[in-house]
Amino acid sequence: MATKGVQKSAFTSQTFEFLQDLVQHNNREWFQANRARYDAAKAELCGVVERVLTGMSAFEPLANTAVKDCIFRINRDIRFSKDKAPYKSHLAFAIGPGGRHSGRIDYYVQIQPGKQSFLGAGMWQPTPANLAKFRQEIDYNAGELKQIIEAEEFRTYFPEAHGESTKTAPKGYPADHPELDLLRRKELFFVHRFSDKDVLKAGFADEIVKGSRLLKPYCDFLNYLFFDEKEESITL
1381 MATKGVQKSA
1391 FTSQTFEFLQ
1401 DLVQHNNREW
1411 FQANRARYDA
1421 AKAELCGVVE
1431 RVLTGMSAFE
1441 PLANTAVKDC
1451 IFRINRDIRF
1461 SKDKAPYKSH
1471 LAFAIGPGGR
1481 HSGRIDYYVQ
1491 IQPGKQSFLG
1501 AGMWQPTPAN
1511 LAKFRQEIDY
1521 NAGELKQIIE
1531 AEEFRTYFPE
1541 AHGESTKTAP
1551 KGYPADHPEL
1561 DLLRRKELFF
1571 VHRFSDKDVL
1581 KAGFADEIVK
1591 GSRLLKPYCD
1601 FLNYLFFDEK
1611 EESITL
């Protein structure tokens, strides 16, 4: 899981300054002229990811996961987008067995100035088959999931539940179902946000590990539910 050379396992204000400037100058000419600043920001990102991988290896099977496999490219795919800005305004990585393309529910981290940095995980854009599995499990036994996501420590750390819900009860379920709120969920993705000050702290990588440990029971719940029979996978 090591990267080449010694990486600092923390972000500096220079990374935020680069991302803020990129928002104002999102074009290839400016980016190439400031390539050294991006390389420095990416080196900091690699250092943080390396520290996170080391910490999370205590509770996740990450032995063959390389830092480079976890980091998302800063280039945007603009082929089918009306927004032709070539670069993302954030840095991001995902932790799962083998990296960001694990094919399972993994842990996603986004670094962006203006209090937009966050750690999150959960059900996001599931296949119809996986959504059906989720609802079937809620109908049969919602207690296991509720025990995880309604625990005081979890709810305190992850107060935001993102994702779409249906306006009415899903087909096949009664409108007065006791777990209607969960059944209506089309996505259920939990987020913990970080201030810019939080991201710049020396222990930020360790905070990601702490939050990921809290997320693990929910990720395990979804991974068992969706992939135990090796059905089609989803990615975050």
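1381 is the number of the first residue of the sequence shown in the working numbering; add one for each residue after it.
From the three backbone atoms N, C-alpha and C, an ideal C-beta is built for every residue, glycine too.
Annotation: the continuous beta strand (DSSP E) that includes R1573 extends over 1568-1574. Remark: three or more beta-carbon pairs, one from each stretch, lie closer than 8 Å, so the segment 1561-1573 and the segment 1517-1528 are flagged as touching.
For F1498, the secondary structure class from DSSP, reduced to helix, strand or coil, is strand.
Unbroken alpha helix (DSSP H) stretches of 4 residues or longer found wholly inside the segment 1412-1457: 1415-1436, 1447-1450, given in chain order. If you draw a straight line from the Cα of S1389 to the Cα of F1607, it comes to about 33 Å. C-alpha of D1576 to C-alpha of G1552: approximately 45 Å in a straight line. Contact between the segment 1578-1597 and the segment 1433-1444 is established, with three or more Cβ pairs separated by less than 8 Å. Counting every other CB atom within 10 Å of its CB across the protein chains shown gives S1592 a total of 16 or more, marking it as buried.
A residue is called buried when at least 16 other Cβ atoms come within 10 angstroms of its Cβ; R1431 meets this threshold and is buried.
Counting only runs of at least 4 residues, the segment 1466-1550 fully encloses the following alpha helix (DSSP H) elements, listed from N- to C-terminal order: 1508-1521, 1523-1529, 1532-1537. Residue environment for I1458: exposed (fewer than 16 other C-beta atoms within 10 angstroms of its C-beta). CA-to-CA, the gap between S1545 and Q1412 works out to about 42 Å. According to the DSSP assignment, A1582 belongs to no alpha helix (DSSP H), since it is labelled neither H nor E.
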